[in-house]
Amino acid sequence: MPGLKLQVITAGRAALVNAPNTGTNPVLISHVGLANAPFSVSAALTALPGEIKRVAAVGGTITADDTIHVSIRDESDAVYDCYGFGLYLSNGTLFAVYSQPALLLGKAAAAMLLLALDAVLADIDVKQISFGATNFTDPAATTEMAGIVELATEEEASAGNDKIRVITAWLLKKILDARLGAGSPSAFIRGLLGVTSAALHSN
């Protein structure tokens, strides 16, 4: 669930500023509150509207300059629908919130909830944010971080415009065969390439 834009709460933003107002404080996100109805997002909130449950099993990691990957887990037998959530600091301060009109997720009694999302926090130094747990995070893969990727379809691979999805070895060969001919390069072309390389090295 990529790119959810969170509203940083005024109190949460203040928690990032050190006492002399000369820099930033590190903060620890320790809980996530879940809301059972959509609510109006505002920086002035002091509590999460419609909060029905607060979950301590929250892990996270920084994936970009303005993005954190958050994983939320609830193994209880609770039953609920969730339309939004709030991130709480270890001192109980509401740090940031998100809400949407459509159902975000639903949980049945026999099911374990595991919600993974990327949260965009504008104008915040995300390097100052840490999480209570990192043992069950599954961020999207980047050139700098191991993580989860989505496989490209044949159409996406042929177009060559997608910068996020990855291609399998089988599909790569199929695309190359379609463009260059099956089994390319041929023995003749490989021979020419060898002669060209030898000529370049001799110069």
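In terms of our numbering, the sequence shown has 555 at position 40, counting the first letter as 1, and numbering is strictly consecutive.
Here a beta-carbon is modelled for each residue, glycine too, at the ideal position from N, C-alpha and C.
Since we're looking at a predicted model, the values are computed, not measured.
Check: In whole angstroms, give me the CA-to-CA distance for Ala-672 and Leu-666.; Outcome: 9 Å
Check: Nearest to Val-681 by alpha carbon, out of Lys-688, Ala-693, Thr-668?; Outcome: Thr-668
Check: Just how far apart, CA to CA, sit Cys-597 and Ala-617?; Outcome: 9 Å
Check: Determine whether the beta carbon atoms of Arg-639 and Arg-528 lie at a separation below 9 Å.; Outcome: Note that residue 639 is Ile in the sequence shown, not Arg. Cβ distance < 9 Å, so Ile-639 and Arg-528 count as in contact.
Check: Residues in the same chain with beta-carbon distance under 8 Å from Leu-604, minus the five sequence neighbours each way, listed in chain order, please.; Outcome: Gly-527, Ala-530, Val-542, Leu-543, Ile-544, Ser-545, Phe-610
Check: Might you give, ordered along the chain, the residues of its own chain that have their beta carbon closer than 8 Å to the beta carbon of Leu-691, omitting 5 neighbours on each side?; Outcome: Ser-699
Check: Using beta-carbon positions only, say whether Ala-552 and Gly-565 come within less than 9 Å of one another.; Outcome: yes
Check: Which residue from Ala-674, Ala-558, Asn-533, Ile-567 puts its Cα closest to that of Gly-548?; Outcome: Ile-567
Check: Would you identify the three-state DSSP class for Ser-555, choosing helix, strand or coil?; Outcome: coil
Check: Quick check: what's the CA-CA separation for Ala-572 versus Ala-674?; Outcome: 41 Å
Check: When the Cα atoms are used, what is the spatial distance from Gln-525 to Asp-633?; Outcome: A small fix is needed here, since residue 525 is Thr in this sequence, not Gln. Cα to Cα, Thr-525 sits roughly 21 Å from Asp-633.
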